[in-house]
Amino acid sequence: MKIKIKEVSDNKGLREFVTVPSCIYKNDQFYASPLIKDMMEHLTDKNPFFKRAKAKFFIAYNDGIPAGRIASIVNYAHLEFHKDNVGFFGLFECINDKNIANALFDAAKNFLIENNLQIMRGPMNLSTNEECGFLFEGFDSPSMIMIPYNPPYYNELASAYGMTKVKDLYCFIVDVPEVLPSKIDRIARYAEKQGITVRTVNLKNLREELYAFMEVYNEAWHENWGFIPITKEEIDYMAEKLKPVALSELVIVAEKDSQPVGFFGAIPDFNEVLRKIKGRLTPLSILKALYYKKKIHSMRLLLFGVKEAFRHKGVESIMIREAFKGAVKHGFKKCEFSWILEDNYETINLTKVVGAKRYKTLRIYEKKIN
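Numbering (this note's numbering), first residue to last: 435 to 804.
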């Protein structure tokens, strides 16, 4: 067996990098391939992430055949905020071979060492504001949109390289009930008495509406592990990506005196569609997408936050009550709350109030490299 690691240097190589997963998940019914065109664009300067970061992409070949890939990421926004000399790996895919995995990890490590970083952490695809972690528990069901999915052995490959757990992220699931728990409604009514109002967003102005999320996020989450401030350019990019799948009734802004104090953003689980079209947009796959989009039965809550001064005042409950109306209207059967830091006990307790149960764990690893 001859292992060769090659750095991506052109568009042809980037396409090969993006399509490596096709050999890993060829017969896996739970895998949802991202759209190849979108993923290629996401890894170029068109993504504003790279205004505050740089990355190198590597492909592993086994006797000339692609057998794995990895990204090595220097995130200047993270370094400026945390000042911790941490670099990242991400977008890892590999056949079940420790030698190939080690060669990929070495390639990522060496780039980080060249940039004077001391710790390699991941996977981050590309940061904590996107997908992160290896799926560690919950392999008996498919992952929802923007939640990692991988074979169980990825965790073994990371451990064999000397990586150790640094943080677990939890995913909770709940059946959408016919009626909300009375406690939610009672607390929501309390919030109303305090002058808290909620509204659904106007998707025609999604970019401007998401600026409210940015304001809440950057204030509410700044003390959370791994937090990186989000910029207007990144919000603009996010709005462009979310607009085709968003439903206005599932994106809620809580306000006090017309100022945003909380944000709730859920989207339909478009992975249910992606599993049908396998990442490629053709005339037939577009027809499939339009057909299956109407049959999505799950949703994922991925944007959720309340400004610190307004916590424990019913803002969370009033947003959940409003979003519940939209979930019922569109016929959703399940809702996932994810991801949630393992030590974010306030949010974990909120999932318990609505009857959600933890059903997946994502694990982030790190290793001292310098």
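We put the beta carbon where it would ideally sit given N, CA and C, even for glycine.
*asked:* Three Cβ pairs or more, each shorter than 8 Å: is that satisfied between the stretch 638 to 656 and the stretch 676 to 686?
replied: yes
*Shortest alpha-carbon distance to ILE774 belongs to which of PHE738, GLU514, ILE618?*
PHE738
*Looking at PHE698 and ALA622, is the spacing between their C-beta atoms short of 8 Å?*
no
*Could you say which of MET554, PRO694, ILE529, ASP497 lies nearest to PHE523 if we only look at CA atoms?*
MET554
*List the endpoints of the continuous alpha helix (DSSP H) containing GLY447.*
445 to 453
*Below 8 Å between beta carbons: does that hold for GLU564 and PHE492?*
no
*Touch check for the stretch 447 to 460 and the stretch 563 to 581: three-plus C-beta pairs under 8 Å?*
no
*Ignore the nearest five residues each way along the sequence and tell me which others in GLY596's own chain have a CB closer than 7 Å to its CB.*
LYS801
*Is HIS476 buried or exposed, if buried means 16 or more other CB atoms sit within 10 Å of its CB?*
buried
*Beta-carbon separation (whole angstroms), CYS528 vs GLY502, contact threshold 8 Å*: 3 Å
*Near VAL608, what residues of its chain come up, given a Cβ to Cβ distance below 6 Å and the 5 sequence neighbours on each side ignored?*
CYS769, VAL788, GLY789, ALA790
*Should the stretch 479 to 487 be called in touch with the stretch 508 to 527, which here means at least 3 C-beta pairs below 8 Å?*
yes
*For ASN584 and ILE375, believed in contact at Cβ under 8 Å, the rounded distance*: No answer is possible for residue 375: the residues shown for the chain start at 435 and end at 804.
*Starting from the N-terminal side, write out each stretch of the alpha helix (DSSP H) that is 4 residues or longer and does not extend beyond the stretch 515 to 586.*
532 to 548
*Ends of the beta strand (DSSP E) at ASN496?*
487 to 496
_8 Å Cβ cutoff met for GLY660 and THR562_ = yes
*asked:* What does the Cβ neighbour count give for VAL632, buried or exposed, with the cut at 16 atoms within 10 Å?
replied: buried
*Distance, Cα to Cα, PRO468 vs TYR624?*
42 Å
_What would DSSP say about MET473, mapped onto helix, strand or coil?_
helix
*Near VAL520, which residues of its chain fall below 6 Å by C-beta distance, leaving aside the five closest residues on each side in sequence?*
ILE553, ARG555
*Skipping 5 residues on each side, what residues in its chain have a beta carbon closer than 7 Å to that of TRP655?*
PHE661, GLY739
_Under the three-state DSSP convention, the category ASP602 falls into_ = strand
*Backbone CA spacing between PRO663 and LYS436 [nearest angstrom]*: 43 Å
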